[in-house]
Each structure stands twice: as structure tokens, then as C-alpha cells.
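Data first, discussion second: the structure below is written as C-alpha cells.
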Amino acid sequence: MVDVAIVGAGAAGLAAARRLTERRPDWSIRALEAEDRAGGRARTIAAPGLGVPLDLGCGWLHGAEHNPWLAIAGTFGFHVDRTPAPWDVQHQDLGFPPEDQRAYEAAAEAFDRRQTAAQADPADRPLGALLEPGNPWNGLLDAVSSYVSGAELGALSTHDSARYAVHGSDWRVSGGYGRLVVAYGAGLPVALGTPVTRIDHGGAGPVRLETPRGTLEARAVVVTVSTNLLADGAIRFDPPLPDKVAAARDLPLGLANKVFLHLAAPEALPADGHLIGNPRSARTGAYHLRPFGRPVIEVYIGGTLARELEQAGAEAAAAFALDELAGLLGDEFRRQASPLTTTTTWGRTATVRGSYAYAKPGAAGQRAVLAAPVEGRLFFAGEATSPDAFTTARGAYESGLRAADEVLAALETAP
Ligand SMILES: Cc1cc2nc3c(=O)[nH]c(=O)nc-3n(C[C@H](O)[C@H](O)[C@H](O)COP(=O)(O)OP(=O)(O)OC[C@H]3O[C@@H](n4cnc5c(N)ncnc54)[C@H](O)[C@@H]3O)c2cc1C
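For the sequence shown, our numbering begins at 62 and goes up steadily by one.
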């Protein structure tokens, strides 16, 4: 029996756990985490053979100046690298001449203006409906959407996208964003390897959480697992929560994966350079050349392409990336680069089942439905519940604090 149980020890669950333990040291708090590590989608590994940190999930402090993880990085002694994000530069203009880059920028600005205008429409539409038919830059607009949201524009709600309010610089944690999140959670009461399979909230007594390691009872529960897990019924709620399942289905996880290539002759490429594989296609990778000057290329693949490559098996994404890069840098590049570690497969990671949540057209209101407490005993957090910073570790963190504050308000006024 504890006061508060938290399901999941990613950024949201750890934020909730820390806030609750700090505000109520007299309460018993327990986070139950399915994996044998905390962090969830915040995960840093050491590159095999190189030792440099690689962020398999979150890597960028988006809206860094206002991002709460910036101050947390300072507190925990992590260095934040303020090198500007390289996305707007095409290394040596390869495959993307300056006049095409200007034409794309003009198309993107016109798209943004249509998006702003469409926010005022009472009817929500897919963002893809705002593409100009036949515009040669629609593919690249879709590719960028697949990186940012894990899905192409046609899948996304215009009204929901308008609520995203993370603005400012994009900085990085040199030692790894995932390691920062784990350091922030160190010392908190987290039970690893403890998947919750059923949450029984019937009756007036405590909520019962079933796990393979036994049953825990709690006065309140904060659920932070991904929307795809809720939609799939990976945790059984008794009584069922059909509104939550419907909201989770309307907020599915898009897919983005990373491939890491090792460079045998890194000096041939600039530190923190960038390439888009094929600016004329939605099916293309974004290539961060030598992040932090390291001998690595970080490849980002999203949306339909990411799904297809994930299904095609372990080597497919790396082969795709090498083909695109060889097309731009020349065939000899193949001898310079080799896959560094296993490509991420976030869609197949059983404890997440995707990368980050987007709202389907018409579903902008579902984030609030997902976030709403149930009977003053069940509380919901996680990036998908963030009203304005969804998809990010910042939104996850803020949602954890919000849920913790809801728990405090509910339990402190409970008879
Ligand atoms: C490839 C990729 C790149 C990204 N890049 C960025 C970026 O640059 N910047 C940024 O801000 N964000 C980025 N993100 C998003 C960011 O990582 C997430 O938004 C954030 O980490 C989500 O935190 P969360 O706590 O909501 O969910 P999660 O991290 O998914 O945490 C939920 C936890 O619940 C656990 N769990 C699941 N089922 C159970 C169960 N039954 N019982 C107990 N525990 C369970 C999971 O194992 C997990 O640890 C990226 C994500 C990916 C995948």
C-alpha cells in the first residue's frame, strides 16, 4: 500500500515522482517501470567501440531558452551545447541548389500562412489539405512533417498543430539527453522490471495495480504510458475507460527512427553539417553530419518511410541511408561509412510502440480528454497529454508536474 503509484518512469513519470516526493516527503510514492531502466523514450547509449553518447530518443532541447530541462541540466552538471541546429543548411548545396532552397523556403512560408489562416476555420482539416496541388515542394514539406510529428501532413489536425507553442533555439546535452533524464530520476523510488498489467479502480477503496511481481495498492495512480499502449489495451482498466481509449486512438504515435553511421575519415565532412537526402521527395532522410564534431552521422527517418524500413528489417534503414548519401557524396562514400549500432525501432519497442503522438484531424480536443483525472484517483500524464508541447520531453516533464499537482490537490482535500 502506497499513497501514490506512478506507472512508467520516463520524463513524465520521473517529473511526477520528484514533485510528489519533494512536496510530500511524508507520503509513500512508488513508480513502476516495465523496462529494466528508467527514461523511456529518453535513452542514451555509448556508441559501441567509440564510447561517444548516442541519443536513441530525444536529443534536442527544443525551445531551449524556455525549456525546463535547461535548468535541470545545470543542476545536474550536464553541459548544454548551444551550436545552432544545422537543419537549414545543405552541405555544399549538394543535390539542392541555392535557387531550389529559396523556392522551398518560399513554399514553406506560404504553407505556414495558409496554416495560420486555417486555424480560424471552425472546421478542423488535415494539414495536408493545405498543400498546393502540384507544388514541387510538397514532398519536402511532408518529409519535414514526418520528422517533426512522425507522420505526413495528411494525417495531422490543423487545429492541434496550431497549439504547439515550443519556440526558440534547439540546443543539445553533450553527454546525452537520455542520461540527463535518468540522472534527474536517480534516487527516486522506481521499481524497474515491473510492468503494470491491470488497474482495478472499482469500489471506494484503494486502486489496485497488478504486476507480475505482485499487487500494489495506492490511494492515487498517475498513468504515463504512451497512447499506443492505452489504445492497444496493454494495461487493463477495471472498470474500462472507453473515453481514454478513444482519446488515445485519436492521438496515435507517429514514427521516427534514427540510424547512426560511423565515419572512417570524418574530416571529409564538416562538424555539425546537414544534408537532406532528396529534397524532391517525402521519402527521404535528414542527415546530421558529425554532431558535436564526432565521427558519426545521425540519420533521421520519419513517417511512412520509417514504417516501411522498420518492417523491412534491421539492415534496411542503414542501407537506405547509405544509398541516399552515396547519391550525394559519391559512391566511394560507401567505403567511409558503416552502421555504428542497431537502428532504433521505436514502433517495435513493446513498452512504447511508436515515437510521439499526433492528433488526427478533428481530435485536437482529445489531449484534454486524455489528461483529465478520473474520480479523483486516476491521473494521466505523458507527452501526448501536453496541450502545447506534445511530442517533446519538455511536454512530458510539464505533464508530470501537472498530474502531480492534481494528485496533491485531490489527496490533500480527500476526507
Ligand atoms: C526518435 C525520437 C526522437 C525524439 N527527439 C526528441 C527531441 O529531440 N526533443 C524532445 O524534446 N523530444 C524528442 N522525442 C520525444 C521524447 O523522447 C518523448 O516525448 C518523451 O521522452 C516522452 O516521455 P513520456 O514520459 O511521456 O513517455 P515515455 O518516455 O514513453 O515513458 C513511459 C514509460 O512507461 C513505461 N511503461 C510502458 N508500459 C508500462 C507498464 N505497463 N507498466 C509500467 N511501465 C510501463 C515505459 O517503459 C516508459 O519508460 C523523441 C522521441 C523519439 C522516439
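Yeah, the Cβ is synthetic: ideal placement off N, Cα and C, and Gly gets one too.
Predicted model only: the values in this text are computed from it and were never measured.
In the structure shown, PRO352 adopts helical secondary structure according to DSSP, grouped into three states. Under the three-state reduction of DSSP, ARG79 is assigned to helix.
In this chain, the beta strand (DSSP E) harbouring ASP261 covers 259 to 261. Annotation for PRO114: THR105, ALA107, GLY236, GLY237, ARG240 place their beta carbon closer than 7 Å to its own, counting only its chain and skipping 5 residues before and after. Taking 4 residues as the minimum length, the alpha helix (DSSP H) runs contained wholly in the region 277 to 346 are 288 to 292, 303 to 311, in order along the chain. Fewer than three pairs of CB atoms, one per stretch, sit closer than 8 Å, so the region 437 to 454 makes no contact with the region 340 to 355. Going by DSSP, LEU270 is part of the beta strand (DSSP E) stretching over 268 to 272.
Boundaries of the beta strand (DSSP E) around PRO400: 398 to 400.
Around the Cβ of HIS220, a 10 Å sphere holds 16 or more other Cβ atoms; the residue is buried. By the Cβ criterion, the region 220 to 229 is in contact with the region 121 to 128, since at least three pairs of Cβ atoms, one from each stretch, lie closer than 8 Å. If the five residues before and after GLU213 are omitted, its C-beta is found closer than 7 Å to the C-beta atoms of GLY189, ASP203, SER206, SER207, ALA343, GLY364, THR365, all from its own chain and listed in chain order. Note on geometry: alpha-carbon atoms of TYR458 and VAL284 lie some 13 Å from one another. Cβ-Cβ separation between ALA367 and ASN318: approximately 5 Å, consistent with a contact (criterion under 8 Å).
The Cβ-Cβ distance between ALA332 and VAL65 does not fall below 7 Å.
In the structure shown, SER460 falls within a helical segment according to DSSP collapsed to helix, strand and coil. Just so you know, the alpha carbons of PRO273 and ARG438 end up roughly 23 Å apart.
Not one heavy atom of ligand 1 is found less than 6 Å from the C-beta of ALA425.
Its Cα nearest to that of GLU170, the residue GLU193 stands out among GLU193, THR403, GLN372. Between the alpha carbons of HIS349 and TYR165 lies a gap of roughly 20 Å.
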